[in-house]
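Number of protein chains: 6
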Amino acid sequence: MADWLTSLQTDTPQQGFELALMLARKGVAYTQTSAEVREKLRSDYAENADSLTMASHVVATHFQTVAAANNYWK
Amino acid sequence: MADWLTSLQTDTPQQGFELALMLARKGVAYTQTSAEVREKLRSDYAENADSLTMASHVVATHFQTVAAANNYWK
Amino acid sequence: MADWLTSLQTDTPQQGFELALMLARKGVAYTQTSAEVREKLRSDYAENADSLTMASHVVATHFQTVAAANNYWK
Amino acid sequence: MADWLTSLQTDTPQQGFELALMLARKGVAYTQTSAEVREKLRSDYAENADSLTMASHVVATHFQTVAAANNYWK
Amino acid sequence: MADWLTSLQTDTPQQGFELALMLARKGVAYTQTSAEVREKLRSDYAENADSLTMASHVVATHFQTVAAANNYWK
Amino acid sequence: MADWLTSLQTDTPQQGFELALMLARKGVAYTQTSAEVREKLRSDYAENADSLTMASHVVATHFQTVAAANNYWK
């Protein structure tokens, strides 16, 4: 897989949140490598509250990591 | 998406908790971008105990991050 | 919402645990704002082992935060 | 509720693990206050692999807290 | 229960991972004390992808603790 | 089991992410030791959104550990 993650540093907390989102999706993409299948699955879970909550939990876990890496943008 | 997160610092723990809540919802909103669909889903899961517990877990995870960012408001 | 969280400091670990419990419930209350509905849901999930375990997990996550805020009451 | 948690310090990692187990159960007991109901539920979930795994996860989360409180018994 | 955990220190990360695995299983064994029942349950969940993922999550949580205890074997 | 984990240090965040992925899979492989069964299960869960999200969560948890071990590659 081509380089997609060279640093955990971001300029702002919001960019850090978006990086966390990307990490959550990469965790899926390494297992389900077909973008087509992922797209199809997304249309399912995007309409399911619990699926969305679970996905949000993964983002939260990665955001902990990214925030620590940026010393919480203090 | 417009700027919505410029800092993890809050004046009080309660504001930090409310920021954690907002982060949890943003984790959903980036995946399900339709506010209308999210509103419809909320009416479902707000009546389901396990769905609410799962959502509360995401808030708890973000609250860890926000609390650390604020040195626990000590 | 009126002030309900002014500090993460508690005198004892047990009070910290009870604060964690309160935070877990607040995570629900912000989403399901009706106390009546929450009470009705509680009678359901309080009889379900997995629901109770999930709720206990949220408490555990908040207890990590509260314990760190109190330097583990050392 | 009577005092049941006066310290997170334990002499050994194993006692810390057992404290984590107790914390996980307390997280349930505060919600389902009937020992009789909890006992009945236990006979259900003790025969279910996923229920046991979920319970083990809560213990793991509390063990993180207890281990940090004891500086990992170094 | 006889002594089974006297230290979180291990010589290598791999031994730390195996300790985390043992901790995850102990979290089950304290609740389901029958080795026979646990063995029977294992044959069920070892064929279920989600059950395996849940178990792997518990290991990951314990591995965080063990890795911190060993200063990440740096 | 042969040596498979001698260090948590990696050169880049991306390699750290891939190590986290490997740790998540090892957490499964220690329980389900048959590569054939694991391969069969993968074809199931790779088509299920929630299963993929759960797997991504385990990766996120391990990535926290690996990132801390590498001081967030700062």
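Going line by line, the protein sequences match chains A, B, C, D, E and F. Here this note's numbering is used: the first residue of the first sequence is 15, the next is one more, and so on. Here this note's numbering is used: the first residue of the second sequence is 15, the next is one more, and so on. Here this note's numbering is used: the first residue of the third sequence is 15, the next is one more, and so on. Here this note's numbering is used: the first residue of the fourth sequence is 15, the next is one more, and so on. Here this note's numbering is used: the first residue of the fifth sequence is 15, the next is one more, and so on. Here this note's numbering is used: the first residue of the sixth sequence is 15, the next is one more, and so on. From the three backbone atoms N, C-alpha and C, an ideal C-beta is built for every residue, glycine too. These numbers come from a predicted model, not from an experiment.
Proximal residues to residue i (C-beta, below 6 Å), its chain only, five neighbours per side dropped
i	result
H76 (chain B)	A34, L37, A38
P27 (chain A)	W87
H71 (chain A)	none
R52 (chain D)	Q46
CB contact below 8 Å: residue i versus chain I
i	result
A69 (chain B)	Absent here is chain I; the protein component of the structure consists of chains A, B, C, D, E and F.
Helix, strand or coil at residue i [DSSP, three-state]
i	result
D25 (chain A)	coil
T67 (chain E)	helix
D17 (chain A)	coil
S48 (chain B)	coil
K40 (chain E)	helix
A60 (chain F)	coil
K88 (chain E)	coil
Same chain, Cβ closer than 7 Å to residue i, five either side skipped, listed in chain order
i	result
Q23 (chain C)	A83, N84
V73 (chain B)	A34, L35, A38
Chain-order list of residues whose beta-carbon lies under 8 Å from that of residue i (same chain, five-residue window excluded)
i	result
V80 (chain C)	L22, T24, G30, F31, L33, A34, L37
K40 (chain C)	W18, L19
L55 (chain E)	Q46
Y59 (chain E)	S65, L66, A69
L42 (chain E)	Note that residue 42 (chain E) is Val in the sequence shown, not Leu. Taken in chain order, the residues that qualify are R52.
S57 (chain E)	none
Interface positions of the stretch 74-88 of chain C facing chain D (Cβ-Cβ less than 8 Å), listed along the chain:
A74, T75, F77, Q78, A81, A82, Y86, W87, K88
Output, in sequence order along the chain, the residues in the stretch 45-66 of chain C whose CB is closer than 7 Å to any CB in chain D.
A60, E61, A63, D64, L66
Quick one, which residues of the stretch 26-42 of chain E are near chain F if we go by CB-CB under 7 Å, in chain order?
T26, P27, Q28, F31, L35
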